[in-house]
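Per this note's numbering, the very first residue in the sequence shown carries number 114; after that it's consecutive. All C-beta atoms in this analysis are idealised placements derived from N, C-alpha and C, irrespective of residue type, glycine included. Just below is one structure, and these are the notes that go with it.
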Amino acid sequence: MSDTNDSTAPAEAAALRRALELALRGPRHGVNPQVGCVLLSATGDVIGEGWHRGAGTPHAEVAALADAFARHGSGAARGATAVVTLEPCDHHGRTGPCSLALIDAGVARVVYGVDDPGAASSGGGERMRGAGLEVVAGVGAAEVQEAIRPWLTAVRCHRPFVTVKWASSLDGRAAAADGSSRWITGSEARADVHRRRSDADAVVVGIGTVLADDPELTARGEGGLLPHQPAPVVLGRRAVPDGARLHEHPLPLRRFEEHDLDAVLAALYEDEVRSVFVEGGPTVASAFVAAGLADELVVYLAPTLIGGPVTALGELGVDGIGAQRRLTITGVDRLGDDLRIVARPAPS
Ligand code: AOF
Ligand code: ZN
Numbered sequence: 114m115s116d117t118n119d120s121t122a123p124a125e126a127a128a129l130r131r132a133l134e135l136a137l138r139g140p141r142h143g144v145n146p147q148v149g150c151v152l153l154s155a156t157g158d159v160i161g162e163g164w165h166r167g168a169g170t171p172h173a174e175v176a177a178l179a180d181a182f183a184r185h186g187s188g189a190a191r192g193a194t195a196v197v198t199l200e201p202c203d204h205h206g207r208t209g210p211c212s213l214a215l216i217d218a219g220v221a222r223v224v225y226g227v228d229d230p231g232a233a234s235s236g237g238g239e240r241m242r243g244a245g246l247e248v249v250a251g252v253g254a255a256e257v258q259e260a261i262r263p264w265l266t267a268v269r270c271h272r273p274f275v276t277v278k279w280a281s282s283l284d285g286r287a288a289a290a291d292g293s294s295r296w297i298t299g300s301e302a303r304a305d306v307h308r309r310r311s312d313a314d315a316v317v318v319g320i321g322t323v324l325a326d327d328p329e330l331t332a333r334g335e336g337g338l339l340p341h342q343p344a345p346v347v348l349g350r351r352a353v354p355d356g357a358r359l360h361e362h363p364l365p366l367r368r369f370e371e372h373d374l375d376a377v378l379a380a381l382y383e384d385e386v387r388s389v390f391v392e393g394g395p396t397v398a399s400a401f402v403a404a405g406l407a408d409e410l411v412v413y414l415a416p417t418l419i420g421g422p423v424t425a426l427g428e429l430g431v432d433g434i435g436a437q438r439r440l441t442i443t444g445v446d447r448l449g450d451d452l453r454i455v456a457r458p459a460p461s
């Protein structure tokens, strides 16, 4: 086991975990992925760290190189190992290619988690190999994939990642028979909804919800508006009333009259929307689920019983039990008196 690759592997796996921790400091919303990078010296010491802070700002690799240069001088990365959560990019986007930045800095070895699925940006691994660097892919890949699943799904499917959220009584009712639905869940659950709105690029509701609830669709916290607001999107033909609170939203309202959700999502993707938070009501939520477009469900269950006809989801076309939509539950948490259940479609 005298091979240097073997002896540095545990340090690299630890550096990858650290890089992922750094990555998650960046914004979850937006057109770019969360990416983190740790630079290790030949002896395995951390000489630089960086993460991506949002579109247009330096990529994680460039930020880590700048950190290493600032701490140890301009030759600091010569012979170093770069440990990155995502394959370094190979394109001139809003910034320059990280593959070239790493080559130019004299980095000898690159270890990364997940291949870049972007058609224009991928290829950094190949370029660096061609330049004589050692490149190892797939380290910590499962953790990275899980952490940036929304962005990876969006880029692979060319549509935003879709989270469908609803709040219901324990018996799955979203409202009483007269349609009144406010305050089923408590304040902790509602605060969680606002944080999740803020992580999304857009929040989607049906016109029925606008007419029934007059929602603001902003992401709010104790101190008022949260720093990032999702764009409000309303589906359906009926008009949004002039006095609707939605008109006070800081971002312009996007309207789609069509029922073709693929077309809606394609148009939003074109507009750089990479994640949408679908907040209802039952018709819109079930349309996304029925179309197989719900990548994640976030369900808040309140300890109350309502009964009656207004279920959290409308028609799903499940005529026989064989057509039921099986889920995998990935999280169950108690928020105040309520339960939050996070689930995704079961692997088929
Ligand atoms: C990032 N941050 O740390 C890395 C990225 O057009 P740009 O310059 O903003 O490039 C965005 C793409 O670059 C992104 O979609 C991803 O494929 C790749 N890598 N992006 O925003 C980073 N390493
Ligand atoms: Zn890059």
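Proximity test, residue i beta-carbon vs the ligand ZN heavy atom, cut-off 7 Å
| i | result |
| --- | --- |
| His341 | no |
| His185 | no |
| His205 | no |
| Glu200 | no |
Delimiting residues of the alpha helix (DSSP H) encompassing residue i
| i | result |
| --- | --- |
| Glu361 | Here Glu361 belongs to no alpha helix (DSSP H), and DSSP marks it neither H nor E. |
| Arg309 | Ser300 to Asp312 |
| Glu259 | Ala254 to Ala260 |
| Gly238 | Gly237 to Gly243 |
| Cys211 | Cys211 to Asp217 |
| Ala176 | Ala173 to His185 |
| Thr396 | Pro395 to Ala403 |
| Asp229 | Segment: none, Asp229 is in no alpha helix (DSSP H) and carries neither H nor E. |
| Ala113 | Because the chain here runs from 114 to 461, residue 113 falls outside it and cannot be looked at. |
Beta-bridge partners of residue i, as assigned by DSSP
| i | result |
| --- | --- |
| Ser388 | Phe274 |
| Val318 | Val347 |
| Trp279 | Val412 |
| Cys202 | In DSSP, Cys202 forms no bridge with anything. |
| Leu152 | Gly161 and Ala195 |
Under 8 Å between C-beta atoms of residue i and residue j
| i | j | result |
| --- | --- | --- |
| Asn145 | Gly163 | no |
| Phe390 | Arg309 | yes |
| Thr198 | Ala136 | yes |
| Ile454 | Val412 | yes |
| His362 | Glu329 | yes |
| Val353 | Val317 | no |
| Asp375 | Ala344 | no |
| Asp203 | Ser154 | no |
| Glu200 | Asp228 | yes |
| Leu133 | Ala193 | no |
| Gly251 | Thr322 | no |
Extent of the continuous beta strand (DSSP E) run through residue i
| i | result |
| --- | --- |
| Val431 | Note, Val431: premise wrong, no beta strand (DSSP E); not H, not E. |
| Asp446 | Leu440 to Leu448 |
| Arg457 | Asp451 to Pro458 |
| Leu199 | Thr194 to Leu199 |
Neighbour-count burial assignment, residue i, 16 or more Cβ in a 10 Å radius
| i | result |
| --- | --- |
| Asp116 | Only weak support is given to the placement of Asp116: the predicted model assigns it a pLDDT of 37, under 50, and the question is left unresolved by the model. |
| Ser300 | exposed |
| Gln437 | exposed |
| Leu129 | buried |
| Thr480 | With the chain represented from 114 up to 461, any question about residue 480 goes unanswered, as that position is not in the structure. |
| Ser120 | Summary for Ser120: the model assigns pLDDT 48, below 50, so the residue's position carries little reliability; its value from the coordinates is reported in the next sentence. The residue is exposed, with fewer than 16 neighbouring Cβ atoms inside 10 Å. |
| Pro263 | buried |
| Leu253 | According to the sequence displayed, residue 253 carries Gly and not Leu. Classification for Gly253: buried. |
| Leu426 | buried |
| Ala176 | buried |
| Pro416 | exposed |
| Pro171 | buried |
Closer than 7 Å: residue i CB and nearest the ligand AOF heavy atom
| i | result |
| --- | --- |
| Thr266 | no |
| Cys270 | no |
| Ser212 | no |
| Ser234 | yes |
| Thr88 | Any answer about residue 88 is impossible in this case: the structure gives the chain only from 114 up to 461. |
| Leu153 | no |
| Ala181 | no |
| Glu174 | yes |
| Asp384 | no |
| Pro146 | yes |
| Ala218 | no |
| His360 | no |
| Asp229 | yes |
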